[in-house]
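Residue numbers (full-length UniProt numbering): 1 to 156.
Just so it is clear, CB atoms sit at the ideal spot from N, CA and C, and this is done for glycine as well.
Right, one structure below, let's go through it.
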């Protein structure tokens, strides 16, 4: 005797009990689990109505989490886009995170400078540090500010 398949809403509740998901992530997971698109869409709508899934709050929390990992605005924006957060919901949390971007860049640079201690050429050290910060998603201005705070000579 075969077990009856759980409803899309039950599956959604189980998924959301593990971790927070965006609406798009939840919809994709339900469809991947074999639920018809309409049933999955209705389950996501019901979760939104009950307040179990909220893309605006998710974007704010996820932005704060990534900012705490010393990532810049560009990397945070990319991560939010990958998680299915619409562009209009990304703006407010990213603006809040932008206020501390230079400080986060300085923190990330402090970590990287310990790894660059063996580099003897100051110009190469500066270039590596700059590339590191750009790769973490920081703006050029934040990178320059962090490098100035770390006493890198801009003429080097």
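Residue burial classification, residue 111 (beta-carbon count within 10 angstroms, cutoff 16): Around the Cβ of residue 111, a 10 Å sphere holds fewer than 16 other Cβ atoms; the residue is exposed.
Three-state secondary structure assigned by DSSP to residue 69: Here residue 69 sits in coil by DSSP.
Residue 125 versus residue 119 - alpha carbon distance: Distance from the CA of residue 125 to the CA of residue 119, rounded to the nearest whole angstrom, comes to 6 Å.
Three-way DSSP call (helix, strand, coil) for residue 146 in this model: Under the three-state reduction of DSSP, residue 146 is assigned to helix.
Local Cβ density within 10 Å of residue 55, reported as buried at 16 or more and exposed below that: Residue 55 is buried by the Cβ-count criterion.
Three CB pairs or more closer than 8 Å across the region 9-23 and the region 41-56: Judged by Cβ distances under 8 Å, the region 9-23 makes contact with the region 41-56, as three or more pairs qualify.
Residue 28, enclosing alpha helix (DSSP H) - first and last residue: Where residue 28 is concerned, the enclosing alpha helix (DSSP H) stretches over 23-32.
For residue 84 and residue 25, the rounded distance between their alpha carbons: Between residue 25 and residue 84, the C-alpha separation is close to 7 Å.
The region 62-82 contacting the region 91-99, beta-carbon criterion three pairs below 8 Å: Yes: the two stretches touch, three or more of their Cβ pairs being nearer than 8 Å.
Buried/exposed call for residue 145, threshold 16 Cβ in 10 Å: Around the beta-carbon of residue 145, 16 or more other beta-carbon atoms lie within 10 Å, marking it buried.
Status (buried if at least 16 other CB within 10 Å, exposed otherwise) for residue 115: Residue 115 is exposed by the Cβ-count criterion.
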